[in-house]
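Visitor:
Numbering (UniProt numbering), first residue to last: 1 to 162.
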C-alpha cells in the first residue's frame with residue numbers, strides 16, 4: 001500500500017493551473033473540498049475550517065450544519081408537496097376511471113335493452129314468417145289441386161247432373 005500524501009504538500013502551494021481559484025482563501029496546507037480527504041482518498045463528512053481559530057471553526061461548522069439542515073427541510077417540504085400532488089393526481093385518475101365505469105355500465109344496460117327488443121322483434125318475425133310459409137304451402141297445394149281438376153278429362157262434366 002502506498003503512503004497517503006497530500007498533493008499540495010509537495011510544492012507548498014497549489015500548481016499554477018489552479019490560479020483561477022480565489023486567493024483570499026489559499027489552499028496551501030488545507031483541503032479545498034470539505035467532503036474529500038486527500039490523505040485517505042475517500043469522502044468524509046468533515047467540515048472545512050477557513051481559519052485556525054477554533055471559535056471561527058465551530059461557527060463555520062454551525063453555519064454549514066444550518067445550511068445542510070435548511071436544505072434538508074426544503075427537500076422534505078418539496079418531497080411532501082410532490083407526494084401530495086402525486087396523491088391528488090392518482091385520486092383524479094381513479095375518479096375519472098370510476099366515472100368511465102359508470103358511463104360504460106349505463107351504456108351496457110341501454111344496449112342490453114335494445115338487444116332484448118331486437119330479439120323479441122326477431123322472434124315475432126320468425127313466427128310470422130313460419131305462418132306465411134305455411135299459408136304459402138297451403139295455397140300452392142290448393143292451386144295445384146285446382147289445376148289438376150281443370151286438366152282432368154272429365155273437367156267439362158258436371159257432378160250434379162248424374
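All residues carry an ideal CB built from backbone N, CA and C; glycine is no exception.
All of these numbers come straight from a predicted model, not from anything done at the bench.
#1: Could you tell me the alpha carbon to alpha carbon distance between residue 76 and residue 95, rounded to whole angstroms?
#2: In chain order, what residues of the same chain have a beta carbon less than 6 Å from the beta carbon of residue 147, not counting five sequence neighbours either side?
#3: State yes or no: is the C-beta of residue 129 nearer than 7 Å to some heavy atom of the ligand SAM?
Guide: In terms of the structure at hand:
#1: Going from the Cα of residue 76 to the Cα of residue 95 covers about 28 Å.
#2: Around residue 147: no qualifying Cβ.
#3: For the structure depicted, the ligand SAM is absent and the ligand set is empty, with no information on it obtainable.
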